[in-house]
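Enquirer:
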Amino acid sequence: MDLLRSLGTFVRVAEAGSLSAVAREAGTSHAATSRIISQLEEHFGVRLLHRTTRRLSLTEDGQDLLSHARQLLATQEEMEAALGRQNASPTGRVRVGLPATTATLIVPRLPDLLEQYPGLLVELVVGDRFDDLVEARLDLALLRGRPPESSVIARAIGTFGRVLVASPPYLERRGAPQHPNDLVDHDCIIHETGADSAHWTFATPDGPVDVQVSGSFHADNSEVVHRAALAGLGIAMMREPQVADDLRAARLYRVLPDFASGHDQLFLVFPSRRHLAPRTRVMIEFLAAITQEVETRMRDARVWGENETTWLM
């Protein structure tokens with residue numbers, strides 16, 4: 021038995037939760053993949069998987085082996101890369117957790133990355149929160165705000181402002197607020213991210229103003245909130261990159277542009293610097309470069325007024 025190859029198969033079975041899916045990936049049979057797992061169980065003298073007709077799950081011993089196997093395989097990749105045996109070309113699957121906003125920014129740029137690294141497989145897991153990278157089986161994640169968990173590595177890669185926006189039909193129907201306090205009389209689209217989701221804070225000449233907003237539409241996904249704003253359901257607080265094109269095209273207008281509504285710092289988060297696979301390092305640098313590019317473009321747009329489309333009626 022080729023132990024390293026078998027451990028790689030085991031890791032993929034654990035990630036996919038399916039022998040058949042891994043067999044299809046490898047171009048082999050279900051029976052052959054099952055045999056590899058059986059050989060590992062015999063080699064270590066433990067049961068690794070609970071098998072039922074409907075699903076697979078790891079035993080406690082399987083969870084322990086998964087952690088060790090990932091470290092061992094990452095070390096192998098680092099060693100091969102350091103010795104030039106991969107020609108500095110990272111290979112394998114990298115699972116990245118990120119918000120829908122960021123996903124839409126990076127997907128158009130992925131072809132260049134995958135052309136540069138033909139052996140790289142990128143799997144995007146789209147969501148607004150990733151509380152546990154290990155549980156979500158993520159190699160890294162992009163988060164808004166510094167993660168509270170001290171056991172992970174957090175690398176700051178950019179800062180983006182938040183803006184209030186609304187569609188022309190909504191503003192024609194309801195008018196535009198002139199002060200943050202006017203928002204209590206408007207339909208606001210609530211992005212559900214926690215207990216303070218409907219609590220919006222603004223900077224004013226007289227100091228910070230806190231407003232408890234309300235509205236008939238709530239969603240826990242930023243892209244859904246974006247679509248709701250375009251559909252005229254109310255005023256939304258959005259991040260600049262997500263609405264920059266809509267502002268330039270006048271599909272959305274800025275509301276209360278003279279009252280800053282805060283900013284978000286973005287962090288790339290990964291479990292450890294040790295045993296960081298080359299594919300993960302490549303993806304970290306790729307995401308950091310894109311974020312810095314977009315941040316520069318947004319800063320230039322603010323200087324030149326390119327995204328300051330404001331409702332003037």
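The opening position of the sequence shown corresponds to residue 21 in our numbering, with each subsequent residue numbered one higher. Heads up, the beta-carbon is just placed ideally off N, CA and C, and yes, glycines get one too.
Could you pull the start and end residues of the alpha helix (DSSP H) that E243 belongs to?
Expert: S242 to L250
Enquirer: Based on DSSP bridge pairs, tell me the residues matched to S77.
Expert: H70
Enquirer: With DSSP collapsed to three states, give me the class of Q232.
Expert: strand
Enquirer: For R105, I'd like the list of residues in its chain whose CB is within less than 8 Å of its CB, leaving aside the five on either flank, ordered along the chain.
Expert: At R105, the pLDDT of 49 sits below 50, so the modelled position is not reliable; the number obtained from the coordinates is stated separately. If we look at R105 and ignore the five residues flanking it on each side, it has no Cβ neighbours.
Enquirer: Return the first residue and the last residue of the alpha helix (DSSP H) that V263 is part of.
Expert: The continuous alpha helix (DSSP H) containing V263 extends over residues E260 to R268.
Enquirer: Keeping to the same chain, check which residues put their C-beta closer than 7 Å to that of G178; ignore five residues upstream and five downstream.
Expert: L286, T311, Q312 and E315
Enquirer: Count the other CB atoms, across all protein chains shown, that sit within 10 Å of the CB of D205; report buried if there are 16 or more and exposed otherwise.
Expert: exposed
Enquirer: Does DSSP put P99 in a helix, a strand or coil?
Expert: The question names Pro, but residue 99 in the sequence shown is Met. Three-state DSSP puts M99 in a helix.
Enquirer: For Q106, which three-state DSSP category applies?
Expert: Residue placement at Q106 is poorly supported in this model, since its pLDDT is 47, which falls under 50; the coordinates still yield a value, given next. Looking at Q106 - three-state DSSP - the assignment turns out to be coil, as it is neither helix nor strand.
Enquirer: Which residues share a DSSP beta bridge with V116?
Expert: L144 and L160
Enquirer: For the beta strand (DSSP E) containing V127, list its first residue and its last residue.
Expert: Looking at the DSSP string, V127 is not in any beta strand (DSSP E), and its letter there is neither H nor E.
Enquirer: Sort L153, E97, V42 and A89 by Cα distance to L76 and report the nearest one.
Expert: V42
Enquirer: Just verifying my parser: in three-state terms, what is the DSSP assignment at V302?
Expert: helix
Enquirer: Which residues mark the beginning and the end of the beta strand (DSSP E) in which H283 is found?
Expert: H283 to F290
Enquirer: Is it the case that the Cβ atoms of R271 and T121 are separated by a distance below 8 Å?
Expert: no
Enquirer: Note down, in chain order, each residue of its chain lying with its Cβ closer than 7 Å to the Cβ of E35, except the 5 sequence neighbours on either side.
Expert: R157
Enquirer: If you follow the beta strand (DSSP E) that E273 is in, where does it begin and where does it stop?
Expert: As written in the sequence, residue 273 is Tyr, which differs from the Glu given in the question. First-last of the beta strand (DSSP E) with Y273: Y273 to V275.
Enquirer: Assign S58 to one of two classes, buried (16 or more other C-beta atoms within 10 Å of its C-beta) or exposed (fewer than that).
Expert: In the assembly as shown, S58 is an exposed residue. Its beta-carbon has fewer than 16 other beta-carbons within 10 Å.
Enquirer: Given a cut-off of 8 Å on the beta-carbon distance, is the pair M99 and H63 in contact?
Expert: no
Enquirer: Can you tell me whether DSSP reads H88 as helix, strand or coil?
Expert: In the structure shown, the three-state DSSP call for H88 is helix.
Enquirer: Distance, Cα to Cα, G181 vs F279?
Expert: Roughly 12 Å separates the two Cα atoms.
Enquirer: Under the assumption that V31 contacts R90 (Cβ atoms under 8 Å), give the Cβ distance between them as a whole number of angstroms.
Expert: 6 Å
Enquirer: State yes or no: is the C-beta of L162 within less than 8 Å of the C-beta of P131?
Expert: no
Enquirer: Determine the DSSP secondary structure at D222, reduced to helix, strand or coil.
Expert: The amino acid at residue 222 is misidentified as Asp; the sequence shows Phe. If DSSP states are grouped into helix, strand and coil, F222 belongs with the strands.
Enquirer: Does the region 136-156 come within contact of the region 224-234, defined as at least 3 CB pairs closer than 8 Å?
Expert: no
Enquirer: Could you pull out every residue in the same chain whose Cβ sits closer than 7 Å to the Cβ of S236, ignoring the five residues on either side in sequence?
Expert: D207
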